[in-house]
Amino acid sequence: MGMFIRVDLDPKVAAQADLAKKLAEVCPVNIFEQSADGGARVVPENEDECVLCELCVQAAPPRGVRVVKLYDEGSSLERLE
Amino acid sequence: MRFYEFEAKKLLARHRVPLPGGGTAETPADTRRLAQELGGPVVLKSQVLTGGRMKAGGVRFADSPREAEREAAAILALEIGGQMPRCLLVESKAAVRREYYAGVTYDALAKLPVIIFSDMGGIDIEEVAREHPEHVAKVHFSTLLPVSDYKAKELVRSLGVGGGELTALTTIVTRLARAFVEYDLTLAEINPLGQLEDGSFVALDCHIDMEDEARERHAAVLEKLGISKDEPRQARPPTDFELRGAQVDAVDHRGVAGRVVEFDGDLGLVIGAGGGSLTIFDAIRKHGGRPANYCEIGGNPSVRKAAELTKLILSKPGVDKIAVLMNVVSNTRVDIVARGVVKGVVESGFDPAEKIAIFRIPGAWEEEGFKILRKYGVEYCDRGVSMSEAARRAVEKTKASV
Amino acid sequence: MSILVDGSTTFIIQGITGREAVNMTRECLDYGSKVVGGVTPGRGGRDVYGVPVYDTVREITSQMHVDGAVLAVPPAFVRDAALEALDNGIKLLVIVTERIPRGEVAQVLEYARLQGARVIGPNCLGIISPGKSKMGGIGGPAEDTRKAYRPGPVGVMSRSGGMTTEISNALTAAGLGESTAISIGGDAIIGSTYAELMPLFEADPETKAIVIYSEPGGPMEAQLAEYVQRNGSRLPVVAFMAGRFMDAMPGMRFGHAGTIVEGRQDTAAEKIRRLTEAGISVAEEISDIPKLVKERLGEVA
């Protein structure tokens, strides 16, 4: 978790190799990486670099990725459907 | 980037500009050996990146190797303009009959390179131009065509030089102009260009500046001259603090944060690049503040980079508070800078509300940035408060806390 | 009216697929600019926010008339991109890129003169005629641009891109507004100096006053002072001089590549003296600028 941003990744989404690859590709600041088992992993030291572009939120299925603004009473960017 | 004289001469030698015999020495013993090899009287010149060497006692003459050794010890221990010499340039001293001046630079109004020539060398060319304008001639040349000899010939001839001297000077001036173009120089100056008793010409002293932006493309030549890639060359050598600033800037390729210049005040500055930083620096001084540093941040740097810069500034002894000030930004994001600065303060073990005197960056993503500042209790202002007024508040706070 | 760009100006963006250029494209389109095409070699056939991307400039100029080009390519490719635009008949180049060696800048400018084309920059944010069009990243996102810039009587020229917006913002907040604001570039050699742009403002009936932002280094302020004196310009000029602290630090470069004190002529103090002597008002503070402009406009009326 960063100081300003926390990225929540649904475990079901994280387990899918194709989605993991997509998330790693779309994020301009490398918050996601594909681990050795093919799943997605959040890179904690990059979370604060988030530019709020929502590309990850759009790339994942609804409720798959949630970007939480820790400085704004936990308001978040996510796709509900 | 300014060259030491010995480097500049090596560069000109590549273009077959005639030079006095000589070499560099790092110790008095080296100097003695060199003087022995050269034979006869020698001149010893301190290698520093500044003018006024002669006046400061950085240029001395010696008739024997033993005298050269003694004088070398004195020059090597002599600080000039805050700089210790890199080494000594030891050259044969020859009797000079006449001194000329030849220089090439850019004319920002004509937007072309210009060659300047004078038959009154050895003194500051600006002074000659003021006092004896009839002894200075100039000619522009095209950047789209190869440098033509006739340009230099007309220039030299216009001061009344003829015969063999005209031919010899034309060749040297043309070669200087070609070196200027080939190495992306911004100044190439031979002063004095001496005519010896035997009638031949040599470049006795020279000053060469290369465009910083062109260093990379001339890396091979610079390496041959012994100039490393990351050696910054401003008017004075960088301090440790400044070198650490350059390292911060190299953290990643996103934006700029770093390029600091050290001052000895108590108010740390995190300020935007370009004109905004100049305006803010003036404002801080006008309101009686004492800046600890100048810096540049812009082009949308990463949070990490802004945080590291903040930490660097806070680590400087005597820095009590920092002010974060920029003009209305359009490319750099307010929220990203806010995150970086707050993070840097917290990671340094301080309270942002306490350490950040004021945060004045209006513009792109300001709403999001202000939310962060509110959360950490940092005083901030929007575009309704001028840069100067924000600077005044920062100075006031710093003074109040001392 | 305005100068250089208006609502009908069409332009292309060279290097349109670069990270910063993509943003700039969107910002220009949102502001209402007519971006008719983009060029990135090897990327032809794509589009950026609906703007078609081509491999060559010619593919665009062969279909339609193009007024201008914004060059947002890396430093090593600027000369080539400029020659390509000029050879295809484009008469207004805005070079955004910084860190181009001045030998190459001089080549581009010399060739542009031969072609009868105008160059703004390098190392600039471009041109804006508020409410009509902007050519370049000046002002940032359209929403922010509208906050800082409004149509009005003041022509703005600045060696700093950021300060173009800061100053315009102050003018706008004071109810003045701008006819055209130009970020002329921070390099030692630039395509259009203050004095070279003055005749265009003189000819624009909507422009009633000029504000410039200036810095130590170079002869451009002295050139403007001379222009104003010699031509008896109808336009009152107000100047702001930043970097006064640099006078005591010859040879040190701050801010822009062109901002370095090399001789007596290019210190802030000497420039202020020259400008004042020419009847140009020099503002102590950015916040004094609107007041000075109003005073000077009052004199004219």
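Residue numbers (the numbering used here), protein chains in the order written: chain A, 47 to 127; chain B, 5 to 406; chain C, 122 to 422. For each residue, glycine too, the CB sits at the ideal point set by N, CA and C. Every value quoted in this text rests on a predicted model; they were computed, and no experiment measured them.
*Using a Cβ cut-off of 8 Å, which residues of the region 294-312 of chain B contact any Cβ in chain A, in chain order?*
S306, V307 and R308
*Taking only runs that begin and end inside the region 378-406 of chain C, name each unbroken beta strand (DSSP E) of 3 or more residues, in chain order.*
With a minimum length of 3 residues, the continuous beta strand (DSSP E) runs that stay inside the region 378-406 of chain C are 402-404.
_Host alpha helix (DSSP H) of C:P371 (start-end)_ = First-last for C:P371: undefined, no H or E at that position.
*asked:* By alpha-carbon positions, which one of A:P107, A:P74, A:E71 and A:G48 ends up nearest to A:P57?
replied: A:P107
*Measure the Cβ-Cβ separation of B:L282 and C:G364 and say whether it is below 8 Å.*
yes
*asked:* Taking CB distances under 8 Å as the criterion, tell me whether C:G384 reaches chain B.
replied: yes
_Run through chain A and tell me which residues come within less than 9 Å of B:K1, C-beta to C-beta._
No statement about residue 1 of chain B is possible, as the shown extent of chain B runs from 5 to 406 and does not include it.
*Enclosing beta strand (DSSP E) for C:I181 [first to last residue]*: Run containing C:I181: none in the beta strand (DSSP E); it sits in the alpha helix (DSSP H), R179 to T182.
*Rounded C-alpha distance that separates C:G400 from C:V275*: 17 Å
*asked:* If contacts are defined as beta-carbon pairs under 8 Å, then C:A203 and C:V229 qualify, I think. What distance do you get, rounded to the angstrom?
replied: 4 Å
*asked:* Need the endpoints of the alpha helix (DSSP H) that B:T178 sits in, please.
replied: G167 to E186
*asked:* List, in chain order, every chain A residue whose beta-carbon is nearer than 7 Å to that of B:I376.
replied: Simply F50 and Y117.
*Contacts of C:M284 in chain B (Cβ-Cβ under 7 Å)*: Correct list: G279, G280, T283 and N331.
*Name, going along the chain, the residues of the region 378-389 of chain B whose beta-carbon falls closer than 7 Å to a beta-carbon of chain A.*
K379
_Output needed in chain order: residues of the region 334-363 of chain B with a Cβ under 7 Å from some Cβ in chain C._
S334 and N335
*List the endpoints of the continuous beta strand (DSSP E) containing B:Y105.*
V100 to D111
*Out of C:G353, C:M362, C:I137 and C:T397, point me to the one whose CA is closest to C:I407's CA.*
Minimum Cα distance to C:I407 is reached at C:M362.
*asked:* Once DSSP output is grouped into helix, strand and coil, what is the label at B:P356?
replied: In this structure, DSSP gives B:P356 a helical state, which the three-state scheme calls helix.
_Cβ of C:A346 within 8 Å of any chain B Cβ_ = no
*In angstroms with no decimal places, state the Cα-to-Cα distance between B:S162 and B:F267.*
For B:S162 and B:F267, the distance between alpha carbons rounds to 48 Å.
*Alpha carbon to alpha carbon, how far is C:G296 from B:R387? Give it in angstroms, no decimals.*
15 Å
*Ignoring anything shorter than 3 residues or poking outside the region 184-261 of chain C, list the beta strand (DSSP E) runs there in chain order.*
189-192, 213-216, 239-241, 247-250 and 254-256
_Need the endpoints of the alpha helix (DSSP H) that C:N290 sits in, please._
Segment G282 to A294, the alpha helix (DSSP H) holding C:N290.
*asked:* So, under 8 Å CB-CB, B:L407 and B:A192 are touching, yes? Tell me the CB distance rounded to an integer number of Å.
replied: Here chain B covers residues 5 to 406 and nothing more, so residue 407 of chain B does not appear.
*asked:* Quick check: what's the CA-CA separation for B:G164 versus B:V333?
replied: 57 Å
*Amino acids of chain C, ordered along the chain, whose beta-carbon sits closer than 8 Å to that of B:A218*: P222 and G224
*Cβ of C:N290 less than 8 Å from any chain B Cβ?*
yes
*So B:R18 is in the alpha helix (DSSP H); what residue range does that whole segment cover?*
E9 to R18
*asked:* To the nearest angstrom, how far is the alpha carbon of C:P251 from that of B:I340?
replied: Distance between the alpha carbons of C:P251 and B:I340: 28 Å.
*Should C:Y175 be flagged as near chain B, meaning a C-beta pair shorter than 8 Å?*
no
*Where the beta strand (DSSP E) containing A:P107 begins and where it ends*: Segment: none, A:P107 is in no beta strand (DSSP E) and carries neither H nor E.
_C-alpha gap between C:M341 and C:Y315, whole angstroms_ = 7 Å
*In chain B, what lies closer than 8 Å to C:R280 by C-beta?*
G279
*Note down, one range per segment and in chain order, each beta strand (DSSP E) of at least 3 residues found wholly within the region 316-353 of chain C.*
330-335
*Local conformation of C:G165 per DSSP, three classes*: In the displayed model, C:G165 falls within coil according to three-state DSSP, outside both helix and strand.
*asked:* So, under 8 Å CB-CB, B:L82 and B:T35 are touching, yes? Tell me the CB distance rounded to an integer number of Å.
replied: At roughly 14 Å, the Cβ-Cβ gap does not stay under 8 Å, so B:L82 and B:T35 are not in contact.
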